[in-house]
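A short worksheet on the structure shown next.
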Amino acid sequence: MIKLIVPNRGEIAVRIARACRELGIASVLGYAEGDDIRFTQRFFDDAVSLGNSYLDVNRVIDAARACGADALHPGYGFLSERAELAAACEDAGIVFVGPKATSIAAMGSKAQSRHLMQKLGVPVVPGYDGDEQSMDALLREGESVGFPLLVKASAGGGGKGMKIVRASNELRAAIESAQREAMKAFGDDRLLLERYIEEPRHVEFQIFGDAHGNIVHLFERDCSLQRRHQKVVEETPAPRYSDELRQRMAKAAIAAAAGVDYRNAGTVEFIVTPDNDFYFLEMNTRLQVEHPITELVTDVDLVRAQLAVASGQPLPWKQSDLQQRGHAIEVRVYAEDPDDRFLPQSGTIAYYSEPSGPGVRVDAGVTRGSEIGLRFDPMLAKLICFAETRDACIDRIARALREYTILGTKTNVSWLRRVVTHPAFREGLVSTRFFEEHGDSLQPQASEAAPLIAAAIASAPRAIATGAQRRVSDVWNTVGAWGR
Ligand code: ADP
């Protein structure tokens, strides 16, 4: 591998470029016109336009060819789980840093991957995943699954096309609306119906395979703290679970990956009931946003391993080499307004100061001066902390969030601090309903903000002296609603 292109943006592009630098691989950023790449680009040797979006497979392949890249890392999101891109790379003689196109395709549809898991003896949520998709059939099957049930888009992702149905008389409308949403988002309106599990936890396993028949797991991540089915806080190990349960899940995860001859990094997601029954949800055939917590507790570099395995080398570790020690937590820092329905925010970052110190890692895609638009996902950065114990890790991430200062756009930083210091989180009482249950107690307390903002402004004379002045003072004026 000599030159690698990354058709992606933000923190994940930076993460991959850093691994390339360490390995002496030349890196090229593939970017969409209009995206602010001034920060990201610094980590790359070169940059090439992909036109108006990150989603055009032909443009990506043309760009790879034009810059002489012999490898491509898709990152996450965008084209990362499109079998078509992996296949196009295979055809063009470009190393795709990820699984084979056939493995991506096998896991691409929720219905199809459920069938496969059932064959492999991996438990799936009881439900209907058949081909018969007429309204009559779906209504009939829904009745037999029972209520509450979850209507899901088979092609789904990001929680789109998902509806909870509590009673029989709501079913038809939910099916119609899920079909519409699924057609709009994925161009495919096939649905599946699953029993809706109350107060579940989302626990996923990092797995890794190579081209020599080896597959290992790198333990679990608990991603139960979600808003609208989107992860907000992730941690490992999963709190309050026995080793025995985690080992059974790890075994199922490896069986799932082996069943599609999986190569490179992937994630097998499970949903776990309050009685500790677990079911396969889906497999993500790419690197995940939350991969750093795994890196911190296992002391490995997953991207480096991805590049090695994609070049045909065997996995750098055997299962017995991998140990899980200490505790890691990640929070996702967004440009959004927790006080106004978490609406995405835009603006220019007028002041930016990251936390540091022992056990603190920040994977950021922005810095001071970055323009935050509404065109792309509003995630600015990830803050990841490591400590010997879960308690110490919570103390540390709360401390780091206190140090994190971003001015010029509203962010969820202070809200995240209230989340990680919430007594229920401290107790490890996590479930996907956490925010529904505790949303009210996560509201800000008056008077928390002023000292921090004042300190940030005092230490940012240059930001104030330049064009940022107006924005910073806007922020100051609205401080009551701002930096809590
Ligand atoms: P997507 O591909 O859209 O992300 P998933 O199937 O991975 O959809 O599910 C996303 C989230 O939705 C899960 O993490 C969980 O919180 C919730 N979920 C999914 N299936 C169920 C279910 N059967 N019962 C309860 N919650 C579910």
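Just so we're aligned, residue 120 is where the sequence shown starts under the working numbering, counting upward by one. Glycine is no exception: its CB is placed at the ideal position from the N, C-alpha and C atoms. Fair warning: this is a prediction, and the values are worked out from it, not measured in the lab.
Tell me whether the beta-carbon of residue i lies closer than 9 Å to the beta-carbon of residue j.
i: V124; j: D482; result: In the sequence under discussion, the amino acid at residue 124 is Ile, which differs from the Val named in the question. No; because the gap between Cβ atoms is not below 9 Å, this pair is not in contact.
i: N171; j: E152; result: yes
i: I326; j: T386; result: yes
i: F163; j: V147; result: yes
i: K279; j: A304; result: yes
i: E354; j: I412; result: yes
i: R382; j: A138; result: no
i: V284; j: G378; result: no
i: G467; j: T540; result: Before going further, note that residue 467 is Thr rather than Gly in the sequence given. Not closer than 9 Å, so no.
i: D514; j: A506; result: yes
i: C504; j: R480; result: yes
i: I223; j: R320; result: no
i: Q345; j: F553; result: yes
i: I525; j: Y471; result: yes
i: G275; j: E200; result: no
Which whole-angstrom value is the C-beta distance of residue i and residue j, which I expect to be below 8 Å?
i: S273; j: A230; result: 4 Å
i: K219; j: A205; result: 7 Å
i: A188; j: G227; result: With a Cβ gap of about 25 Å, A188 and G227 do not count as contacting.
i: S430; j: M120; result: 5 Å
i: V216; j: L191; result: 7 Å
i: V243; j: M236; result: 5 Å
i: A297; j: K282; result: 5 Å
i: R365; j: A357; result: 7 Å
i: E455; j: Q464; result: 6 Å
Among the options, which has the Cα closest to the Cα of residue i?
i: D380; options: H331, V416, F554; result: H331
i: A185; options: T524, M226, S199, I213; result: I213
i: I373; options: F324, D418, I390, S560; result: F324
i: S439; options: A224, F338, I135, R320; result: F338
i: D459; options: L310, K271, M368, T530; result: T530
i: R291; options: E318, L258, D456, R309; result: L258
i: S287; options: G275, G276, M281, L269; result: L269
i: I144; options: Q562, T467, A427; result: A427
i: G445; options: V532, S465, L415, S430; result: L415
i: G129; options: V479, V244, D165, Y195; result: Y195
i: E604; options: C342, F266, V479; result: Because the chain spans 120 through 603 in this model, residue 604 falls outside it and cannot be assessed.
i: I294; options: L310, K370, Q345; result: L310
i: D175; options: Q160, Y398, G149; result: G149
task = Answer yes if the region 531 to 542 comes into contact with the region 470 to 489, meaning at least three C-beta pairs across the two stretches below 8 Å, and no otherwise.
result = no
query = Using 8 Å as the threshold, is the region 160 to 171 in touch with the region 450 to 458, meaning 3 or more CB pairs across them?
reply = no
task = Evaluate the contact criterion for the region 406 to 414 versus the region 247 to 255: three or more CB pairs, one atom per stretch, below 8 Å.
result = no
query = How do the region 329 to 346 and the region 432 to 439 stand: do at least 3 beta-carbon pairs fall below 8 Å, yes or no?
reply = yes
message = With three or more beta-carbon pairs closer than 8 Å as the criterion, would you say the region 497 to 504 touches the region 547 to 557?
response = no
Within the region 204 to 241, ranges of the alpha helix (DSSP H) (whole runs, at least 4 residues) = 220 to 227, 229 to 239
inquiry  = Threshold first: 3 residues or longer. Then list the beta strand (DSSP E) segments lying entirely within the region 271 to 297, N to C.
reply    = 282 to 284
task = For the region 397 to 432, list the beta strand (DSSP E) runs that are entirely contained and at least 3 residues long, ordered along the chain.
result = 397 to 403
query = What are the start and end residues of each continuous beta strand (DSSP E) run of 3 or more residues lying completely inside the region 426 to 502, in chain order?
reply = 446 to 453, 470 to 472, 479 to 483
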